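Residue numbers (full-length UniProt numbering): 1 to 143. Okay, so here's the structure we're looking at.
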């Protein structure tokens, strides 16, 4: 029952999960780290991932590391706002991690009186801007 509740809470937060196996094992990786995946689909590499379950496998031929990752949510007190509700949003907001300072910053489009907050923490300003622009165009098309 506890696992079902945890999964339900994850679904309500709108997070995504990803399982990834590294061909070469990395013993220094830990579950509490954040990860950026490079060289995969742009939609996946644009997100900062939070490490979940990590498994290191040793065989006579290889050492591999398998990871269960979850998309990291922005550091905000109002996470319930991230749950999609039937609301008339006036703008879009996305959060990204500044590459130089490591601090979280936002990119916006439209009026920020009642913005829709995108759920992922993006790896760069460019990927956050692309997501905001995509969602803003989608929102404008619904009107």
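For each residue, glycine too, the CB sits at the ideal point set by N, CA and C. Everything numeric in this text was worked out from a predicted model, so none of it was measured.
(request) Would you kindly report the start and end of the unbroken alpha helix (DSSP H) that includes residue 62? (result) Here residue 62 belongs to no alpha helix (DSSP H), and DSSP marks it neither H nor E.
(request) Check the DSSP bridge columns for residue 29 and list the partner residues they point to. (result) Note: residue 29 sits in no beta bridge, so no partner.
(request) Please confirm whether residue 132 and residue 113 have their CB atoms less than 8 Å apart. (result) Using a Cβ distance threshold of 8 Å, residue 132 and residue 113 do not count as a contacting pair.
(message) Taking 6 Å as the limit between beta carbons, can you name the residues of its chain near residue 18, skipping five residues before and five after?
(response) Apart from the 5 residues on each side of it in sequence, residue 18 sits with its Cβ closer than 6 Å to the Cβ of 69 in its chain, given in chain order.
(request) Please say whether residue 128 and residue 95 have beta carbons closer to each other than 8 Å? (result) Cβ atoms of residue 95 and residue 128: closer than 8 Å.
(message) On the DSSP letters alone, give me the boundaries of the beta strand (DSSP E) that residue 44 sits inside.
(response) Element bounds for residue 44: not the beta strand (DSSP E) but the alpha helix (DSSP H), 42-45.
(request) Check the DSSP bridge columns for residue 68 and list the partner residues they point to. (result) Here residue 68 is bridged, per DSSP, to 19.
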